[in-house]
Structures are given as structure tokens and as C-alpha cells.
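Enquirer:
Residue numbers (this note's numbering): -12 to 205.
#1: Alpha carbon to alpha carbon, how far is residue 193 from residue 133?
#2: Excluding the 5 residues preceding and the 5 following residue 63 in the sequence, name in chain order all residues of the same chain whose CB lies nearer than 8 Å to its CB.
#3: If you reduce the DSSP assignment to three classes, tell me which class residue 188 lands in.
#4: Could you say if the stretch 171 to 189 and the stretch 129 to 143 meet the contact criterion of at least three C-beta pairs nearer than 8 Å?
#5: Assign residue 8 to one of three DSSP states: helix, strand, or coil.
#6: Can you check whether the CB of residue 108 is closer than 9 Å to the CB of residue 147?
#7: Residue range of the alpha helix (DSSP H) that residue 45 falls in?
#8: Determine the burial state of residue 201: buried for a count of at least 16 other Cβ atoms within 10 Å of its Cβ, exposed for fewer.
#9: Which two residues bound the contiguous alpha helix (DSSP H) that contains residue 163?
Encoded structure:
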């Protein structure tokens, strides 16, 4: 007997409330990603909140990135306080991005404060966030703060990597101190940290500019 598909009475698919919740979350995040205007993003964020769509970490982080990029740091800090109060776990990548945006805006003290306060968001610092704050300090010429953050790094048990050393070498070369930069490089080798191409490019570039070609032969 041939079965006619039109004769089948299909049972309606039951929609799982959790599935609807996840779809709504995904839609809110997708929409938020497309919006360029941070004010419009905040408005949409509140609209979804009124629709009882619970925001999760990806939604918060996306909004924070947009706000930081537009240098709306007052709202950034308000939203961060909300995340802390409601114990919403944040990833280190969020803080790295915010620290970098603070640095670009010359808000170095805010960047340092955020780095030290990461623990209050249930997020531990690693060498990656350390490198972010170290780079901000060097780029903004805060040499004394570099030494302080290095001491903090040691106390926190964060081990340096090749990126950390490159930032420190760049710091001394920008100050025109080749001897200390070379000393940092030697300590890098003694600590069995493998130099990368950038490590050599920093030094040879400095020596070529200063016309000390012989000193560039390592």
C-alpha cells in the first residue's frame, strides 16, 4: 500500500521554553553586534531587558566593547559595577580589551585600577592581561609605573613570556638606552625565554637608526 504524505497527521512540535530563551539570547547578541552607534546599542539593550530577555556574558561584553571603543567610559564603569554586583563571571579577554581602550584614551590610571581589580570579577590575571597593562604603560611613557607593575607581577606569580620582554625592550629603546635594553635581552636568554623575530627587529632597528651597525651583530 502506497503511503500518501498528505494523509499523515503530523503532531505539532512542542517548543521547549529553554530553546526559546536561547534563540532570544542569540538574536539579541546578533542584533547588538550589527549596531555601530553605542547609544543605539544601549537603547536596544534596555529594550530587550524590558522584554524579559535575560542578558548573558556575551551580550554584556559586546556592549562593553562598543562603549569602550566610543570612549563612553562612564557607562562602561556603571555596567562593570553591575556585573560585579550580580556576580556575572567575566573572561580575561574582556579586561584586556578594556585596558587597551583605556590606554588609547590616555586613561592610564583607570587601566591600572581595572587590572588590579580583575579579581573582584572572579577573573584571575595572567601574563596576557599583564602584557596588556605593561604595553599601555610603555606606550604612555609611565616608566616608574612599569617597575611597580613588574614587582606586582612577581608577587602574583605571573611568569613573563617573550611578549613581556619585547615590551620592556621597546620601552628602553624608546628612551634611547641601548645598554639596558641589551641587558634585558641577555636576561631573557638566561631565563630560557625564546626570542622571536620582533625581539631582534626592535634592536636592529634601533641600531640602524643610531648607525651602530656593528652593535647590531648579536
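Even glycine gets a Cβ: it sits at the ideal position worked out from N, Cα and C.
Please read these numbers as outputs of a predicted model, since none were measured by experiment.
Expert: Put simply:
#1: 21 Å
#2: 51, 54, 55 and 85
#3: helix
#4: no
#5: With a pLDDT of 39 at residue 8, under the threshold of 50, the predicted position of this residue should be treated as unreliable, though the coordinate-derived value follows. Reduced to three states, the DSSP call for residue 8 is helix.
#6: no
#7: 44 to 56
#8: Note that residue 201 has pLDDT 49, beneath the 50 cutoff, so the model's placement of it is unreliable and the number below is only indicative. By the neighbour-count rule (16 or more Cβ atoms within 10 Å), residue 201 is not buried but exposed.
#9: From DSSP, residue 163 is part of no alpha helix (DSSP H); its letter is neither H nor E.
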